[in-house]
Each structure stands twice: as C-alpha cells, then as structure tokens.
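Here's the structure, in structure tokens; my notes come after.
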Amino acid sequence: GESVGLHLPTLSVQEGDNSIINCAYSNSASDYFIWYKQESGKGPQFIIDIRSNMDKRQGQRVTVLLNKTVKHLSLQIAATQPGDSAVYFCAEKNRDDKIIFGKGTRLHILP
Amino acid sequence: DTEVTQTPKHLVMGMTNKKSLKCEQHMGHRAMYWYKQKAKKPPELMFVYSYEKLSINESVPSRFSPECPNSSLLNLHLHALQPEDSALYLCASSHLFRRQSAGELFFGEGSRLTVL
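Chains as they are written, first to last, in the working numbering: chain A, 4 to 114; chain B, 21 to 136.
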C-alpha cells in the first residue's frame, strides 16, 4: 500500500516462509525496474533488476515479477531469514538514466 | 562491506558554516551520484556525474555544490544550509552504459548531517 507521512508499510513474515513485497509504479517509459534493500544504518544495496520487456527474473532466493498491464512490480523472497529484515525499495531507471526510488516497505521477520 | 567510502559519517553544522562531504570509490565506475534521504523516506536523487562532468542536477538549491575532482572522488560542498536540510546524504557509483544490471548502484553508508 501507499505510505503517508512518517509511516512505512510493514510486512511481517514468519522465518522460513516466503515473502512478497509489492510496488506500484507510474512511469511506463522506464526501461529497468529495480529492487534495493536497506538495512539499518547502511546505504541501499542492489538486489535484482528486470528489464521492462521481461516479466520475470530470478536470482538467488529472489524473484522479481513485472506486470506492465497494471504497472505492478513484486519481489518474492524464498525461505525468509532473519538477515532479510530491512526496508525494501522499488526503483525505476528512466530513459534519462535517472534511478528514482519508490516508497519503501519494512520487512519484519518473526521468529 | 561497501566499496564506496563516505566521510564524515556524522556532521553537525550551523546555518552559517561551510563544510564538505566526501565520497571515494575505486571500482573504476565512471558515474557517481548524490542522493538525499530523510527518515523513513526513499532516497531522492540530487546530482549525477558522468565522466567527471555534471550530467544531472535535480533542481537542487545552490547552497549544495557538487564537485568531481577525478574519477574516484565526489564532493558535496555545503554552505548556508537550513535545518530542513538535515538528512542522510548518500553517495553512489555505477558503470555507465551497462545494459546488464543497468540499475545497479553501489552506495556508501552515508553521511548523516544535522543543521542547527
């Protein structure tokens, strides 16, 4: 969902379960969509990206899905671990080569 | 550990001070970036340098002045800042024109700035 003001959407997931983090985007002209992970006190860290002409890309334990019809991007994390606890940002790379970040989602891992 | 090093990690300055934030990378990247991040918000793009030349300025106030002395260094000079400029300032670098993993920026840990 959308975050307003100081509140980040939070997703709580049991350790070992799969996590799905969603993002809506607005710019259809973006040529890449990206996911970043930001742990407390650190800079964002690249996870995975997907070109706009693809609908799925898999990495190690992560999968990104792109639905251009409804302008929706998702990140699936398999077998969520305590180290996955962080804020996750979706981002777009537009035709001007600007990487613009969307609103974040905090992933909280339950023991 | 990040390969982009930012100094200082913390900076407190008054509104009349002049200070600089520094960023260094030795990955051979020819694009370098400054982002600003307020608490619980996404990073916001400020400046992009490509081959040591300023290529993007996102309408940032002139009290922020970027400088790229060489391909490894990026500075952000600060003068006459306002309290609302308090934020985490993130430096990043990337390859240029790399179509695989085109969205991959390498971030430093940031410089946390407080303006009194």
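C-beta atoms are modelled at their ideal positions from N, C-alpha and C, and glycine is treated no differently. It should be emphasised that the depicted structure is a prediction, and the values quoted were computed from it without experimental measurement.
Please list the partners that residue i has in chain B, where partner means a Cβ-to-Cβ separation under 8 Å.
{"i": "A:D52", "result": "S121, A122, G123 and E124"}
{"i": "A:Y91", "result": "Neighbours of A:Y91 on chain B: none; closest Cβ ~11 Å, over 8 Å."}
By DSSP, does residue i sit in helix, in strand, or in coil?
{"i": "A:V7", "result": "Caution is warranted here: a pLDDT of 36 is assigned to A:V7, below 50, making its placement in the model unreliable, and the coordinate value is therefore given only provisionally. Coil, per DSSP."}
{"i": "A:D52", "result": "strand"}
{"i": "A:E42", "result": "coil"}
{"i": "A:G86", "result": "helix"}
{"i": "B:P103", "result": "helix"}
{"i": "B:E64", "result": "strand"}
{"i": "B:V24", "result": "strand"}
{"i": "A:N97", "result": "coil"}
{"i": "A:K106", "result": "strand"}
Using C-beta distances below 7 Å, list every residue in its chain close to residue i, excluding the 5 sequence neighbours before and after it, in chain order.
{"i": "A:V7", "result": "The predicted position of A:V7 is uncertain, since its pLDDT is 36 and thus under 50; no value can be drawn from it."}
{"i": "A:V16", "result": "S22, T83, L110, I112 and L113"}
{"i": "B:M152", "result": "Beyond the ends of chain B as shown, which are 21 and 136, falls residue 152 of chain B; an answer cannot be given."}
{"i": "B:S75", "result": "V68 and Y69"}
{"i": "B:A107", "result": "K56, Q57, K58 and L133"}
Classify residue i as buried or exposed, calling it buried when 16 or more other Cβ atoms lie within 10 Å of its own Cβ.
{"i": "A:S22", "result": "buried"}
{"i": "B:H49", "result": "buried"}
{"i": "A:G44", "result": "exposed"}
{"i": "A:A27", "result": "exposed"}
{"i": "B:Y55", "result": "buried"}
{"i": "B:Q102", "result": "exposed"}
{"i": "A:G46", "result": "buried"}
{"i": "B:P89", "result": "exposed"}
{"i": "B:L41", "result": "buried"}
{"i": "A:G86", "result": "exposed"}
{"i": "B:G34", "result": "exposed"}
Determine the chain B residues that contact residue i at a beta-carbon separation under 9 Å, and present them in chain order.
{"i": "A:P12", "result": "Within chain B, no residue comes near A:P12; the closest Cβ sits about 11 Å away, beyond 9 Å."}
Less than 8 Å between the C-beta atoms of residue i and residue j, yes or no?
{"i": "A:S55", "j": "A:L68", "result": "no"}
{"i": "A:E18", "j": "A:I102", "result": "no"}
{"i": "B:L110", "j": "B:P81", "result": "no"}
{"i": "A:K106", "j": "A:Y35", "result": "no"}
{"i": "A:I24", "j": "A:T108", "result": "yes"}
{"i": "B:Q26", "j": "B:C43", "result": "yes"}
{"i": "A:F92", "j": "A:Q41", "result": "yes"}
{"i": "B:L98", "j": "B:F84", "result": "yes"}
{"i": "B:E87", "j": "B:N95", "result": "yes"}
{"i": "B:K38", "j": "A:L11", "result": "no"}
{"i": "B:T36", "j": "B:A122", "result": "no"}
Ignore the nearest five residues each way along the sequence and tell me which others in residue i's own chain have a CB closer than 8 Å to its CB.
{"i": "A:V65", "result": "W38, I50, I51, L78, Q79, I80 and A81"}
{"i": "A:S31", "result": "K71 and K74"}
{"i": "A:G62", "result": "I50 and I51"}
Excluding the five sequence neighbours on either side, which residues of its own chain have a C-beta within less than 6 Å of the C-beta of residue i, listed in chain order?
{"i": "B:V32", "result": "T134"}
{"i": "B:H30", "result": "R132"}
{"i": "B:A51", "result": "S70, S114 and L116"}
Chain A partners of residue i, CB-CB under 7 Å?
{"i": "B:P28", "result": "Per Cβ cutoff of 7 Å: no residues; B:P28 is ~15 Å from chain A at best."}
{"i": "B:P62", "result": "F92, F104, G105, K106 and G107"}
Under 8 Å Cβ-Cβ, which residues of chain A neighbour residue i?
{"i": "B:E129", "result": "G44, K45 and G46"}
Compare the C-beta of residue i with all C-beta atoms of chain E and state if any pair is closer than 8 Å.
{"i": "B:P86", "result": "The structure shown contains no chain E; its protein chains are A and B."}
Please list, in chain order, the chain A residues whose beta carbon lies closer than 9 Å to that of residue i.
{"i": "B:L65", "result": "K101, I102, I103 and F104"}
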